[in-house]
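Everything on this sheet refers to the single structure shown next.
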Amino acid sequence: METQELIKKVRKIEIKTRGLSSNIFAGQYHSAFKGRGMAFSEVREYQFGDDVRDIDWNVTARFHRPYVKVFEEERELTVMLLVDVSGSLDFGTVRQMKRDMVTEIAATLAFSAIQNNDKIGVIFFSDKIEKYIPPKKGRKHILYIIREMLDFKPESKRTDVAMAVEFLSQVMKRRCTAFMLSDFYQQPVVEARNAEQQKGSQSFEHALTIGNRKHDIVAIQVYDQRARMLPDIGLMKVRDAETGHEMVIDTSSARLRRAHTRYFMERQEYLRQTFVKSNVDWISVATNEDYVRSLMMLFKQRG
Numbered sequence: 067m068e069t070q071e072l073i074k075k076v077r078k079i080e081i082k083t084r085g086l087s088s089n090i091f092a093g094q095y096h097s098a099f100k101g102r103g104m105a106f107s108e109v110r111e112y113q114f115g116d117d118v119r120d121i122d123w124n125v126t127a128r129f130h131r132p133y134v135k136v137f138e139e140e141r142e143l144t145v146m147l148l149v150d151v152s153g154s155l156d157f158g159t160v161r162q163m164k165r166d167m168v169t170e171i172a173a174t175l176a177f178s179a180i181q182n183n184d185k186i187g188v189i190f191f192s193d194k195i196e197k198y199i200p201p202k203k204g205r206k207h208i209l210y211i212i213r214e215m216l217d218f219k220p221e222s223k224r225t226d227v228a229m230a231v232e233f234l235s236q237v238m239k240r241r242c243t244a245f246m247l248s249d250f251y252q253q254p255v256v257e258a259r260n261a262e263q264q265k266g267s268q269s270f271e272h273a274l275t276i277g278n279r280k281h282d283i284v285a286i287q288v289y290d291q292r293a294r295m296l297p298d299i300g301l302m303k304v305r306d307a308e309t310g311h312e313m314v315i316d317t318s319s320a321r322l323r324r325a326h327t328r329y330f331m332e333r334q335e336y337l338r339q340t341f342v343k344s345n346v347d348w349i350s351v352a353t354n355e356d357y358v359r360s361l362m363m364l365f366k367q368r369g
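Once you know that position 278 of the sequence shown is 344 in this note's numbering, the rest is easy, because the numbers rise by one and skip nothing.
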């Protein structure tokens with residue numbers, strides 16, 4: 067992408083997403099994600115009604131009467147964006163590509179974060195870690211992140227979400243809030259068709275469960291409406307963006323269209339069950355829908 071064109075795109079996204087984070091999400095981001103991280107402050111004598119799990123047994127033994135640890139809300143948060151840059155994001159039939167919507171949502175979250183004096187970092191992933199940008203504060207840092215999201219060229223086209231979650235725990239030693247932005251295209255349905263798919267399914271669930279114990283993980287799925295429903299337009303040549311496999315399908319077949327929709331719904335149910343088991347909050351938004359409404363709903367659920 068030419069430098070001038072890139073600057074214009076960055077500026078356009080900044081104007082839109084900064085306005086959203088200032089006007090629409092003001093206060094809601096704070097109430098949704100603040101207070102999740104608690105830092106030790108002091109010890110004091112036990113009072114009736116205190117949680118016995120907060121008793122500091124070392125201090126209690128020293129003074130021969132019960133003392134409890136007092137925690138306070140950490141004043142600043144570290145926010146990590148786990149951004150899927152695999153081949154399947156380069157698809158869109160209405161309004162915009164999935165990648166464009168992911169970039170806008172990520173920018174909106176980033177501007178919301180710095181308004182609350184939070185640090186923001188990014189992990190670009192495919193089936194490998196493509197790029198890691200350590201957390202920092204400030205508008206200049208966010209503009210760099212947006213520029214990278216617009217112009218980044220991944221080495222791989224495939225997806226491995228589990229690997230990205232595991233990498234998060236390796237680089238982030240302290241608890242953070244992590245937004246996963248992906249179409250979750252790679253993850254198999256519940257009834258995996260072979261041993262490799264079953265292994266991938268278990269790996270995803272395991273990584274998510276372990277990762278969410280250490281961090282506060284939120285999943286944001288972006289998909290195109292054609293993933294849910296095929297149009298009746300006769301013969302269509304389709305290509306898997308991640309494997310490169312091509313085939314011709316007959317969309318005039320009602321049976322094929324029903325099977326396509328059923329497969330999408332099975333995948334969505336698998337994702338729903340996985341996120342519920344892992345205690346991960348999630349939203350799903352199509353490229354022809356208003357992501358602002360979905361983010362507002364997410365913030366209200368957590369507020």
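Note that the Cβ used here is the ideal one computed from N, Cα and C, for glycine as well.
Considered as a whole, the stretch 279-335 harbours 291-294 as its complete alpha helix (DSSP H) runs of no fewer than 4 residues, in chain order. Judged by DSSP in its simplified three-state form, T169 adopts helix. With contacts defined by Cβ atoms closer than 8 Å, S87 and S178 form a contacting pair.
Residue P297 holds the alpha-carbon nearest to the alpha-carbon of A320 among P297, D193 and M313. The shortest C-alpha to C-alpha distance from F191 to any of K185, L155 and K280 is the one to L155. For D347, DSSP records a beta bridge to V284.
With a cut-off of 8 Å on Cβ pairs, the stretch 68-86 is in contact with the stretch 206-218, counting three or more such pairs. Three or more pairs of CB atoms, one per stretch, sit closer than 8 Å, so the stretch 162-177 contacts the stretch 244-251. With contacts defined by Cβ atoms closer than 8 Å, R305 and F330 do not form a contacting pair.
Put simply, of D290, V134, Y251 and F114 the residue whose alpha carbon is nearest the alpha carbon of T353 is D290.
Shown here for M163: same chain residues with a beta carbon closer than 8 Å to its own, the five before and five after excluded, namely L155, D156, F157 and T353 in chain order.
Taken atom to atom, the span from the alpha-carbon of K206 to that of N183 is near 14 Å.
The Cβ atoms of E196 and E221 sit closer than 8 Å to each other. Considering only S269, Q334, V284 and S344, the residue with the shortest C-alpha distance to T275 is S344. The Cβ atoms of Y95 and F365 lie closer than 8 Å to each other. Within 10 angstroms of the beta-carbon of L337 lie 16 or more other beta-carbons, which makes it buried.
For E196, the uninterrupted beta strand (DSSP E) run begins and ends at I195 to K202, by DSSP.
Residues E111 of the same chain have their beta carbon placed closer than 7 Å to that of R131, with the five preceding and five following residues left out of the count. R165 counts as buried, since no fewer than 16 other beta carbons sit within 10 angstroms of its beta carbon.
Here R241 is near K280, since their CB atoms are less than 8 Å apart.
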